[in-house]
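Enquirer: All residue numbers for the sequence shown refer to my numbering, where the first residue is 3 and numbers rise by one.
So that we are looking at the same thing, I have put the structure below in structure tokens.
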Amino acid sequence: MTKDLISEVIEDHNVVKDLICRYRKETDPKEQQKIANTIVRELSVHSATEEICAYPLIEKHLSDGKKIADKNREEHLQLKKDLYQLDSMKVPDEGYGDLFKRVIEEFEHHIQEEEKETYPKLKASLADDLLMKEGEKYEKTRNSVPTRPHPSAPDKPPFETAVGMVQAPVDKTYDQVRDFVETNRGKI
Ligand SMILES: [Fe+2]
Ligand SMILES: [Fe+2]
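Given below as structure tokens:
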């Protein structure tokens with residue numbers, strides 16, 4: 003069922019929050035690795051989809067939107083750099099736990115502002131039917147963006163969309179040899 007843009011974004015955040023809880027409760031490193039792989043994938047997909055679908059709307063419709071979107075893109079970049087490094091390591095490696103903790107802190111800090119300030123402002127600024135239309139676009143875009151972190155790729159459409167179209171199938175091929183856990187967001 004199609005949801006509005008804000009609900010789509012919040013659902014992405016909730017999937018990652020749930021995966022973090024599962025990682026913390028898990029004691030088997032093999033299972034932890036599957037969960038961590040899924041966190042990397044979900045965060046990569048969420049960041050790219052948000053940059054393509056939501057941040058341009060924030061820029062266009064909020065009075066201080068350009069400043070907010072630029073700050074959010076900067077935080078995404080730091081997160082992507084750390085995810086990239088995390089993705090090159092394995093759960094038992096020295097330093098993995100500290101880096102994982104940093105990624106989680108960055109994510110939690112970032113979404114707190116989005117959920118408490120930015121998206122409520124956007125919801126108040128846009129008509130319900132536009133939010134539904136954008137939600138539909140978000141859902142489609144989610145399935146066509148890269149599934150791995152690419153800190154040096156563009157972070158704005160149209161270039162992010164174009165580069166993503168080329169990168170996404172490469173990432174998805176690589177994903178075939180990685181293990182993931184199920185999420186209620188379904189298969190990407
Ligand atoms: Fe974000
Ligand atoms: Fe977000």
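Don't be surprised by glycine CBs; every beta carbon is placed ideally from N, CA and C.
At a cut-off of 7 Å, would you count Asn186 as near ligand 1, judging by its Cβ distance to the nearest heavy atom?
Expert: If you number the sequence shown from 1, residue 186 lands on position 184. Not under cutoff, so the answer is no.
Enquirer: Using 8 Å for Cβ pairs, my map puts Val93 next to Pro31. What's the rounded Cβ distance?
Expert: For the purposes of this step, residue 93 is taken as residue 91 along the sequence shown, with counting starting at 1. For the purposes of this step, residue 31 is taken as residue 29 along the sequence shown, with counting starting at 1. About 5 Å separates the two Cβ atoms, so the contact holds.
Enquirer: Closer than 6 Å by C-beta to Leu7: which residues in its own chain qualify, once you throw out the five before and the five after it? Chain order, please.
Expert: To locate residue 7, count along the sequence shown from 1; it is residue 5. Hits under 6 Å: Leu133, Glu136, Gly137, Tyr140.
Enquirer: Contact between the segment 73-87 and the segment 161-172: three or more CB pairs below 8 Å?
Expert: Output reads no: the segment 161-172 does not touch the segment 73-87.
Enquirer: With a cut-off of 6 Å, give the chain-ordered residues whose Cβ is closer than this to any heavy atom of ligand 2.
Expert: Residues flagged by the Cβ proximity filter: Val11, His15, His48, Glu52, Ile113, Glu116.
Enquirer: Is it the case that the Cβ atoms of Ala50 and Val183 are separated by a distance below 8 Å?
Expert: Locating residue 50 in the sequence shown gives position 48, counting from the first residue. Locating residue 183 in the sequence shown gives position 181, counting from the first residue. Result no, Cβ atoms of Ala50 and Val183 do not sit closer than 8 Å.
Enquirer: Is Lys123 helix, strand or coil by DSSP?
Expert: Indexing the sequence shown from 1 puts residue 123 at position 121. Helix at Lys123.
Enquirer: Quick one: is the Cβ of His78 within less than 7 Å of any heavy atom of ligand 1?
Expert: Mapped onto the sequence shown, residue 78 falls at position 76. Because some heavy atom of ligand 1 lies under 7 Å away, the Cβ of His78 counts as near it: yes.
Enquirer: Throw me the rounded Cβ distance for the Pro151 and Leu85 pair, which I believe falls under 8 Å.
Expert: By 1-based counting over the sequence shown, the position of residue 151 is 149. By 1-based counting over the sequence shown, the position of residue 85 is 83. Confirmed, Cβ separation roughly 4 Å.
Enquirer: Label Asn145 either buried or exposed according to how many other C-beta atoms from any shown protein chain fall within 10 Å of its C-beta, with 16 as the threshold for buried.
Expert: Along the sequence shown, read from residue 1 onward, the residue named residue 145 stands at position 143. Burial call: exposed.
Enquirer: Should Asn145 be listed as close to ligand 1, given that the test is whether its C-beta is under 7 Å from any heavy atom?
Expert: For this step, residue 145 is matched to residue 143 along the sequence shown. No; taking the cut-off as 7 Å, the Cβ of Asn145 has no heavy atom of ligand 1 nearer than that.
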